[in-house]
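Listed in order, the protein sequences are those of chains P and R.
FYI, the working numbering numbers position 185 of the first sequence as 185, with every residue one higher than the one before it.
FYI, the working numbering numbers position 144 of the second sequence as 144, with every residue one higher than the one before it.
Virtual Cβ for every residue (Gly too), placed ideally from N, Cα, C.
As the structure is a computational prediction, the values presented were derived from the model and not from experiment.
Worksheet for the structure shown next.
Number of protein chains: 2
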Amino acid sequence: VLRLFRRRRRSRAAAPTITPRSEAVAAVRVELAELTPAAEPFLGQAGYLTLVLFENLGRAVAAAPTTAAKTALSRAAAQVLEAHEGLVAELVGLGVDPAAAMDPFRERLDEYQRRTEGADWAEILVTCYLTTGVLSDFFTGLAGGLAPGLADRVALLLDVDRGERVLEGELRALIEQNPRTASRLAMWGRRLIGDTMLVARSALAAGPGAADASTDRIEPAFNELIGAHSRRMDALGLTA
Amino acid sequence: VLRLFRRRRRSRAAAPTITPRSEAVAAVRVELAELTPAAEPFLGQAGYLTLVLFENLGRAVAAAPTTAAKTALSRAAAQVLEAHEGLVAELVGLGVDPAAAMDPFRERLDEYQRRTEGADWAEILVTCYLTTGVLSDFFTGLAGGLAPGLADRVALLLDVDRGERVLEGELRALIEQNPRTASRLAMWGRRLIGDTMLVARSALAAGPGAADASTDRIEPAFNELIGAHSRRMDALGLTA
């Protein structure tokens, strides 16, 4: 599987005219539409996930070595909280208790957070950038399988820059300042991607077609997600 | 001094028609107007302070034992970040680099944060509630000494609920659930208030009248701040 990922990534890298986000989002949307969970579990896990992304950003703000980085990252945190509040509002709109809808996903996502915590602010920064990027791509694509009105609103909540530009700027500055961190951070990124793809995999509905889908549809869509991630990392000088 | 604080607090508690915030804010505004720093240092330290309050809330979200508490506290964090972004925008409007304006206050406020961190989520919650409450009162009042237009805008940024209702609700639930924590939290609150008043004291401009002001004006204004704090704590069943 890893070999396939590598091959796909390289062939895709030859088509830089399409932005990573739209390409990966489109692949998930087309391939995995039938595996989109119902509205409540979709919103519940996306809602809890934005809390996890926010907590990571909170640690990044606390660990940031400069005031400029702190205030820039706080903007990223505010953007992720905006997405969280939007998802919570959708749950309320469905007449569902938001906490009850998020609860079933708590243990797994807390465990994901623990595994991807990062030892210092450089690693925390990579965690924030990588997890926000890949999981925004994935959940934005997956939202396409929701009912039309909800699908559009959720895509609007997720498929905009939720702090990624800020994170990219901070990460770029960090690597320029200390090029030797690049290989360490690249290694950290490779460790993160496996856990992140497992979170994406476990978010899919296990419907009647799930078994077939796991070979035919999931792999191409996940290759696109990893390809988009790799291109983002490459652009920062980090070999994914 | 502590005895004076106690006496004032009790006499004020007899006038519950005035909300703590407006009373304390008014006292600071009237007594300390001449000690308001210039726009840049005012916004710089209020800006950095909102980052500190945000980092505390980030830790509260991470430490919260339930999903409901997490999502409620994330709303408080979003509100504090809104204030932070507004203060940063005012610095940009003055043609000042926000990070440069905040930097001089970083070391002192980071030290304040370290001292007031809290050992578990109950203590973090008290830290968030107490520091947000007292320092919002103080900086809102102190903003009255800024130039008229700026004074109004800053008061509007600070003198609205910046997550305090959410924090109060969480704290109330926690105490009801486990009444024995009340005395421990009350003790923690008493430890916090001294450090918090030092932050307020050091925010005052050291102008020519500062020496006189320190006896005549600072003490009454600070008594009001502590009184407002005590009434909030009393209302939760925590003896301040």
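Cβ-based burial, residue i [other Cβ within 10 Å; buried from 16]
{"i": "Pro148 of chain R", "result": "exposed"}
{"i": "Ile18 of chain P", "result": "Note that Ile18 of chain P scores 44 on pLDDT, short of 50, meaning its location in the model is unreliable; the coordinates nonetheless yield the value given after this. Exposed."}
{"i": "Gly118 of chain P", "result": "buried"}
{"i": "Arg217 of chain R", "result": "buried"}
{"i": "Gly189 of chain P", "result": "buried"}
{"i": "Leu157 of chain P", "result": "buried"}
{"i": "Glu31 of chain P", "result": "buried"}
{"i": "Gly227 of chain P", "result": "buried"}
{"i": "Gly144 of chain P", "result": "buried"}
{"i": "Arg10 of chain R", "result": "For Arg10 of chain R, the predicted structure reports a pLDDT of 39, less than 50, and the residue's modelled location is therefore unreliable. A value from the coordinates is still provided. Burial call: exposed."}
{"i": "Leu87 of chain R", "result": "buried"}
Rounded distance between the beta-carbons of residue j and residue i, thought under 8 Å
{"i": "Gly58 of chain P", "j": "Glu55 of chain R", "result": "7 Å"}
{"i": "Leu135 of chain P", "j": "Ala200 of chain P", "result": "7 Å"}
{"i": "Ala122 of chain P", "j": "Ala99 of chain R", "result": "About 19 Å separates the two Cβ atoms, so there is no contact after all."}
{"i": "Pro37 of chain P", "j": "Ala151 of chain P", "result": "The pair is not a contact, with the Cβ atoms about 13 Å apart (cut-off 8 Å)."}
{"i": "Ala101 of chain P", "j": "Glu40 of chain P", "result": "5 Å"}
{"i": "Leu225 of chain R", "j": "Ala24 of chain R", "result": "5 Å"}
Chain-ordered neighbours of residue i on chain R, where CB pairs are closer than 8 Å
{"i": "Glu103 of chain P", "result": "For the record, residue 103 of chain P in the displayed sequence is Asp; it is not Glu. Here the neighbours are Thr67."}
{"i": "Val61 of chain P", "result": "Leu51, Phe54, Glu55, Gly58"}
Pairwise C-alpha distance: residue j and residue i
{"i": "Gly141 of chain P", "j": "Leu130 of chain P", "result": "17 Å"}
{"i": "Thr181 of chain R", "j": "Asp137 of chain P", "result": "44 Å"}
{"i": "Arg232 of chain P", "j": "Val61 of chain P", "result": "22 Å"}
{"i": "Val28 of chain R", "j": "Phe222 of chain R", "result": "8 Å"}
{"i": "Asn178 of chain P", "j": "Asp120 of chain P", "result": "14 Å"}
{"i": "Leu238 of chain P", "j": "Gln113 of chain R", "result": "34 Å"}
{"i": "Arg184 of chain P", "j": "Thr66 of chain P", "result": "21 Å"}
{"i": "His229 of chain R", "j": "Arg21 of chain R", "result": "9 Å"}
{"i": "Val52 of chain R", "j": "Asp159 of chain R", "result": "18 Å"}
{"i": "Ile193 of chain R", "j": "Phe139 of chain R", "result": "16 Å"}
{"i": "Asp110 of chain P", "j": "Leu49 of chain P", "result": "9 Å"}
{"i": "Arg106 of chain P", "j": "Gly163 of chain R", "result": "24 Å"}
{"i": "Leu35 of chain R", "j": "Leu174 of chain P", "result": "40 Å"}
{"i": "Thr132 of chain P", "j": "Thr196 of chain P", "result": "10 Å"}
{"i": "Ala78 of chain P", "j": "Ala78 of chain R", "result": "6 Å"}
{"i": "Pro220 of chain P", "j": "Asp234 of chain P", "result": "20 Å"}
{"i": "Asp97 of chain P", "j": "Val154 of chain R", "result": "35 Å"}
{"i": "Leu198 of chain R", "j": "Ala26 of chain R", "result": "20 Å"}
{"i": "Leu125 of chain R", "j": "Ala186 of chain P", "result": "37 Å"}
{"i": "Ala203 of chain R", "j": "Pro104 of chain R", "result": "12 Å"}
{"i": "Leu81 of chain P", "j": "Leu81 of chain R", "result": "10 Å"}
{"i": "Ala83 of chain P", "j": "Ala76 of chain R", "result": "15 Å"}
{"i": "Asp161 of chain R", "j": "Arg191 of chain R", "result": "24 Å"}
{"i": "Thr127 of chain P", "j": "Ala33 of chain R", "result": "46 Å"}
{"i": "Gly95 of chain R", "j": "Leu236 of chain R", "result": "43 Å"}
{"i": "Thr116 of chain R", "j": "Arg108 of chain R", "result": "12 Å"}
{"i": "Arg165 of chain P", "j": "Arg165 of chain R", "result": "32 Å"}
Closer than 7 Å at the beta carbon, the chain R residues around residue i
{"i": "Val88 of chain P", "result": "Thr71"}
{"i": "Arg106 of chain P", "result": "Thr67"}
{"i": "Glu117 of chain P", "result": "Those do not exist, as Glu117 of chain P stays about 10 Å from chain R at its closest Cβ, beyond 7 Å."}
{"i": "Glu176 of chain P", "result": "In chain order: nothing, as chain R lies at least about 18 Å away."}
{"i": "Glu219 of chain P", "result": "Near Glu219 of chain P there are no residues of chain R at all, since even the closest Cβ is about 32 Å away, more than 7 Å."}
Within chain P, the residues that residue i reaches when beta carbons sit closer than 9 Å
{"i": "Leu185 of chain R", "result": "Simply none; closest approach about 23 Å."}
{"i": "Ala99 of chain R", "result": "Thr66, Thr67, Ala68, Ala69, Lys70, Thr71, Ala72"}
{"i": "Glu164 of chain R", "result": "Simply none; closest approach about 17 Å."}
{"i": "Glu111 of chain R", "result": "Those do not exist, as Glu111 of chain R stays about 14 Å from chain P at its closest Cβ, beyond 9 Å."}
Proximal chain P residues relative to residue i, where beta-carbon distance stays under 7 Å
{"i": "Ala77 of chain R", "result": "Leu81"}
{"i": "Glu224 of chain R", "result": "Ordered by position in chain P, no residue passes the 7 Å Cβ test against Glu224 of chain R, which lies about 31 Å from the chain."}
{"i": "Glu168 of chain R", "result": "By Cβ distance, chain P contributes nothing, its closest Cβ being about 18 Å from Glu168 of chain R, past 7 Å."}
Partners in chain R for residue i, counting only beta-carbon separations shorter than 9 Å
{"i": "His229 of chain P", "result": "Going along chain R, no residue has its Cβ under 9 Å from His229 of chain P, so there is no contact; the nearest lies around 25 Å."}
{"i": "Glu123 of chain P", "result": "What Glu123 of chain P touches in chain R: nothing, since even the nearest Cβ is about 17 Å away."}
- Message: Using 8 Å as the cut-off, can you tell me whether the segment 41-56 of chain P makes contact with the segment 87-106 of chain P, which would need three or more C-beta pairs spanning the two stretches below that distance?
- Response: yes
- Query: Any residues in the segment 19-53 of chain R with a beta carbon nearer than 8 Å to a beta carbon of chain A? Which ones, in chain order?
  - Reply: Absent here is chain A; the protein component of the structure consists of chains P and R.
- Message: Within 8 Å, do at least three Cβ pairs link the segment 164-172 of chain P to the segment 65-74 of chain P?
- Response: yes
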